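A.B. asks: In the working numbering, the protein residues as written are 21 to 449.
Note that CB positions come from ideal geometry on N, CA and C, so glycine has one too.
All values derive from a computational prediction rather than experimental measurement.
Questions regarding the structure given below will be posed in turn.
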């Protein structure tokens, strides 16, 4: 199958899809629907040289449909119980293929509905919606390389091929439309950055005070304090708080019944995140490490390696911006990974270097990830998008170091770190 990448369409200076077409409004009866995402999507389909983008969903298995398909203000579109496909052509009006029993609900979108009843009628409706389109973007990734953007089942891919359609990945389209931040999202992110930084400082000060007074604290108590501090902000689950060997588990979750105590000489990792409530907003996500005493030589060495890996990524993305050279997520992951590998800890760096931050339902966004391990993310960094940088080294049953910052690609200034940068191990005693 062909694979079309918007990377080839980027000019020498990173161009943002935000700067393309203005928002549009679709009217249906007395309802007005914001068509901004559809307008931007159509512009990117044209730029990529594609015929159309088809967003196929069955019972809510494709989150892109809910993000792209506009709903009237203070109303919601129906949950599709049958197959539905939103077709956005390079030229012309978008169309929505859906089952006849759900046509009334989807008509609220303001987009022309093509109803079907039987399975034979479904293929006919798809043919009508796609028209003469041949190169069509769908939520699929060749060989499953990017599972973060792959939701269309193999059978639907076969159906499209049988209709003479050549499916290509919509990965770049997704980033250009759904991962970009507007001014409100950026403002909300900055508020969240302040809140998470304050929660981190409060947690570390709390542990320091407990140790100084001879009182006992533990992972769960620290986690609960962070949750209280972030009240009023949205978090999808509580913070990661790991002491000593638990810090070597990247996704460790403290036990409420048998948490590890924090004592003098212990190592501590805290990863916390929050956002202004609502899917239009963007999370802040940070990780810091601390020691209740003087760090060991090994702890300091590992910290320095991880810190340098993080800084290499920051320096490289800023350098390529200044040079007007596009850079892909996998390249930045490879830079950090090679540094850690050369230092002798490659096997202990068990995850990607960073994940997308974007509006949407989850902390992990729909844009480019800094990843050449779990997948090879060939998408390039775009203006008005964001992501984390969080290299780590994890030594089982001993300790772990992860240093996480957030980045926003300002369309004028280039990549900007939006969260505090940890350059030294925090001393708690």
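Helix, strand or coil for residue 102 per DSSP?
C.D. replies: DSSP places residue 102 in coil when its eight states are reduced to three.
A.B. asks: Near residue 108, which residues of its chain fall below 7 Å by C-beta distance, leaving aside the five closest residues on each side in sequence?
C.D. replies: The residues are 58, 61, 62, 65, 72, 73, 114.
A.B. asks: Could you compute how far the alpha carbon of residue 400 sits from the alpha carbon of residue 326?
C.D. replies: Computed Cα separation, rounded: 24 Å.
A.B. asks: With residue 412 and residue 377 assumed to form a contact (beta carbons below 8 Å), what rounded beta-carbon distance in angstroms separates them?
C.D. replies: With a Cβ gap of about 18 Å, residue 412 and residue 377 do not count as contacting.
A.B. asks: Nearest by alpha-carbon distance to residue 425: which of 213, 117, 80 is it?
C.D. replies: Cα-wise, what sits closest to residue 425 is 213.
A.B. asks: Can you tell me the Cα-Cα spacing of residue 334 and residue 150, whole angstroms?
C.D. replies: Each residue's Cα considered, the two are about 43 Å apart.
A.B. asks: Here's the rule I'm using: 16 or more other beta-carbon atoms within 10 Å means buried, otherwise exposed. How should residue 167 be labelled?
C.D. replies: Exposed, because fewer than 16 other Cβ atoms sit within 10 Å of the Cβ of residue 167.
A.B. asks: Taking Cβ to Cβ, would you say residue 267 is nearer than 9 Å to residue 419?
C.D. replies: Going by C-beta atoms, residue 267 is nearer than 9 Å to residue 419.
A.B. asks: Do the stretch 337-356 and the stretch 177-196 meet, that is, are 3 or more Cβ pairs less than 8 Å apart?
C.D. replies: No, they do not touch.
A.B. asks: Going by C-alpha to C-alpha distance, which of 68, 144, 427, 318 sits closest to residue 338?
C.D. replies: Nearest option by C-alpha distance: 427.
A.B. asks: How many angstroms separate the CA atom of residue 315 from the CA atom of residue 285?
C.D. replies: C-alpha separation (whole angstroms): 8 Å.
A.B. asks: Is there contact between the stretch 361-381 and the stretch 191-206, where contact requires at least three CB pairs shorter than 8 Å?
C.D. replies: Yes: the two stretches touch, three or more of their Cβ pairs being nearer than 8 Å.
A.B. asks: Flag this pair as yes or no: are the beta carbons of residue 288 and residue 265 separated by less than 9 Å?
C.D. replies: Cβ distance not < 9 Å, so residue 288 and residue 265 don't count as in contact.
A.B. asks: If you compare alpha carbons, which of 153, 70, 106, 204 is closest to residue 83?
C.D. replies: Selected option, being the one with the closest Cα: 106.
A.B. asks: Please state the DSSP three-state secondary structure of residue 266.
C.D. replies: Residue 266: helix per DSSP, three-state reduction.
A.B. asks: Given residue 436, which residues of its chain have a CB within under 8 Å of its CB, disregarding the five upstream and five downstream residues?
C.D. replies: The answer, listed in chain order, is 427, 428, 429, 430.
A.B. asks: Could you give the C-beta distance for residue 104 and residue 116, rounded to a whole number, given that I count them as a contact under 8 Å?
C.D. replies: Indeed, because the Cβ distance is near 7 Å, the residues count as touching under 8 Å.
A.B. asks: Quick one: grab the DSSP three-state call for residue 431.
C.D. replies: Looking at residue 431 - three-state DSSP - the assignment turns out to be coil, as it is neither helix nor strand.
A.B. asks: Answer yes or no: the CB of residue 193 versus the heavy atoms of the ligand NAD, is any distance below 8 Å?
C.D. replies: For the structure depicted, the ligand NAD is absent and the ligand set is empty, with no information on it obtainable.
A.B. asks: Could you please give the first and the last residue of the uninterrupted beta strand (DSSP E) stretch that includes residue 74?
C.D. replies: Residues 72-78.
A.B. asks: By a C-beta neighbour count over all protein chains shown, 10 Å radius and 16 as the cutoff for buried, is residue 381 buried or exposed?
C.D. replies: The residue is exposed, with fewer than 16 neighbouring Cβ atoms inside 10 Å.
A.B. asks: Count the other CB atoms within 10 Å of the CB of residue 208; is the residue buried (16 or more) or exposed (fewer)?
C.D. replies: It is buried - the Cβ of residue 208 has at least 16 other Cβ atoms within 10 Å.
A.B. asks: Using C-beta distances below 8 Å, list every residue in its chain close to residue 132, excluding the 5 sequence neighbours before and after it, in chain order.
C.D. replies: Taken in chain order, the residues that qualify are 113, 114, 115, 116.
A.B. asks: Apart from the five residues just before and just after residue 384, which ones in its own chain have a Cβ nearer than 7 Å to its Cβ?
C.D. replies: For residue 384, where only same-chain residues beyond five positions count, the Cβ hits under 7 Å are 375, 376.
A.B. asks: Relative to the C-alpha of residue 309, which residue among 331, 298, 292 is closest?
C.D. replies: The residue with the shortest Cα to Cα distance from residue 309 is 292.
A.B. asks: Just tell me which of 362, 324, 356 has its CA closest to the CA of residue 17.
C.D. replies: Summary: the structure shown does not reach residue 17, with the chain confined to residues 21 through 449, and so no result is reported for it.
A.B. asks: For residue 250 and residue 160, what's the separation of their Cα atoms in angstroms?
C.D. replies: Cα-Cα distance, rounded: 37 Å.
A.B. asks: Got a sec, what are the start and stop residues for the beta strand (DSSP E) residue 287 sits in?
C.D. replies: First-last of the beta strand (DSSP E) with residue 287: 287-294.
A.B. asks: May I ask which residues mark the beginning and end of the alpha helix (DSSP H) holding residue 321?
C.D. replies: Start and end: 317-343.
A.B. asks: CA-CA distance, residue 389 and residue 273?
C.D. replies: The alpha-carbon atoms of residue 389 and residue 273 are separated by roughly 24 Å.
A.B. asks: Taking the C-alpha atoms as reference points, what is the distance between residue 203 and residue 165?
C.D. replies: The alpha-carbon atoms of residue 203 and residue 165 are separated by roughly 32 Å.
A.B. asks: Out of 180, 189, 126, 173, point me to the one whose CA is closest to residue 142's CA.
C.D. replies: Of the listed residues, the one whose Cα sits closest to residue 142 is 180.
A.B. asks: Skipping 5 residues on each side, what residues in its chain have a beta carbon closer than 8 Å to that of residue 445?
C.D. replies: Hits under 8 Å: 309, 310, 311, 315, 319, 320, 323.
A.B. asks: Got a sec? Which residues, its chain only, sit under 7 Å from residue 396 by beta carbon, not counting five neighbours each side?
C.D. replies: These residues qualify, in order along the chain: 165, 350.
A.B. asks: How would you call residue 238, buried or exposed, if buried means at least 16 neighbouring beta carbons within 10 angstroms?
C.D. replies: Residue 238 comes out buried.
A.B. asks: Quick check on the DSSP output: what are the complete alpha helix (DSSP H) runs of length 4 or more inside the stretch 94-172, in order along the chain?
C.D. replies: Counting whole runs of 4 or more residues, the stretch 94-172 contains the alpha helix (DSSP H) stretches 123-126, 139-150.
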